[in-house]
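Report on the structure given below.
Residue numbers (my numbering): 128 to 370.
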């Protein structure tokens with residue numbers, strides 16, 4: 128149950144009760160009876176008679192029956208406040224009796240009594256509304272989780288969010304876009320896998336009268352020349368030994 132009246136004023140309640148000759152208190156306290164019964168539902172509290180009957184019996188009992196009705200209702204509101212762990216302000220039937228009945232002699236008694244009466248009731252109902260909202264959010268989250276689990280168990284992929292469906296834009300919109308062909312990495316041939324052509328070579332070594340070897344770097348050319356010299360020396364030494 129959602130409680131829509133959480134800002135009731137005790138001072139306005141007394142003023143309007145005087146102006147309307149008791150009609151306004153009958154309407155308001157009849158609603159309060161239903162609200163408090165809902166707050167204490169399942170707590171084993173005895174329900175009260177409608178306030179309209181207590182009001183009519185007040186003419187025969189000099190206002191005693193309505194006063195007892197209000198004192199019992201004050202005790203129930205205090206009980207509901209303790210259920211919600213609300214400790215301030217404190218309310219009791221005796222407080223309503225002394226200020227609501229005896230305090231009438233000082234005129235300010237009913238105003239003070241019903242101010243605390245509705246102040247505590249407003250807090251209790253606001254707390255009940257907050258708890259209902261939190262339960263609704265929790266139930267909604269549980270339903271969403273169950274739907275996701277069922278979808279995954281059935282092999283369904285979760286729906287993409289609108290943010291994921293949007294096209295990702297570049298953080299630098301002023302820069303020109305790079306074509307796919309340009310994004311591919313350029314693989315340069317290595318001298319180990321392929322020898323450079325004579326047109327691109329920078330270093331050449333003459334092997335014979337007509338044969339020329341080309342190299343991309345000086346180190347490669349020098350190493351090749353040294354290997355040729357070593358082979359030539361080995362051949363000359365072998366010929367000298369035979370002779």
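The beta carbon of each residue, even a glycine, is placed where N, CA and C say it ideally should be.
Asked	Found
Rounded C-alpha distance that separates residue 275 from residue 267	13 Å
Proximity of residue 171 and residue 198 at Cβ, strictly below 7 Å	no
Separation of residue 278 from residue 163, as counted between CA atoms	43 Å
contact_flag[the stretch 236 to 255, the stretch 208 to 220] where n(CB pairs < 8 Å) is 3 or more	yes
C-beta contact flag for residue 182 and residue 193 at 7 Å	yes
In DSSP terms, what residue 163 is bridged to	The partner list for residue 163 (beta bridge, DSSP) is empty, contrary to what the question assumes.
Runs of alpha helix (DSSP H) wholly within the stretch 179 to 255 (minimum 4 residues, chain order)	191 to 210 and 220 to 227
Cutoff 6 Å; reference residue 143; Cβ partners in own chain excluding five residues on either side	151
Inter-residue Cα distance where the pair is residue 272 and residue 258	21 Å
Start and end residues, beta strand (DSSP E) containing residue 339	339 to 342
Limits of the unbroken alpha helix (DSSP H) element including residue 138	137 to 146
Counted within 10 angstroms of its Cβ, other Cβ atoms place residue 169 as buried (16 or more) or exposed	exposed
Per-residue DSSP class, three states only, for residue 321	With a pLDDT of 43 at residue 321, under the threshold of 50, the modelled position of this residue cannot be trusted; read the value that follows with caution. Coil.
Burial state of residue 176 (16 or more Cβ within 10 Å)	exposed
Exposure label - residue 203; buried when at least 16 CB within 10 Å	buried
Local Cβ density within 10 Å of residue 212, reported as buried at 16 or more and exposed below that	exposed
Close beta carbons around residue 226, own chain, < 6 Å, minus the five adjacent residues each side	236, 239 and 240
Same chain only: Cβ atoms within 7 Å of residue 323, ignoring 5 sequence neighbours per side	Legend: pLDDT at residue 323 = 46, less than 50; position of this residue unreliable, value from coordinates given subsequently. Within the same chain, residue 323 has close Cβ partners 341 and 343.
As assigned by DSSP and simplified to three states, the class of residue 352	helix
Under 7 Å between C-beta atoms of residue 178 and residue 148	no
Where residue 262 falls, given that 16 or more other Cβ within 10 Å makes a residue buried	exposed
Local conformation of residue 305 per DSSP, three classes	Since pLDDT at residue 305 reaches only 44, below the 50 mark, its modelled position is unreliable, and no value is offered.
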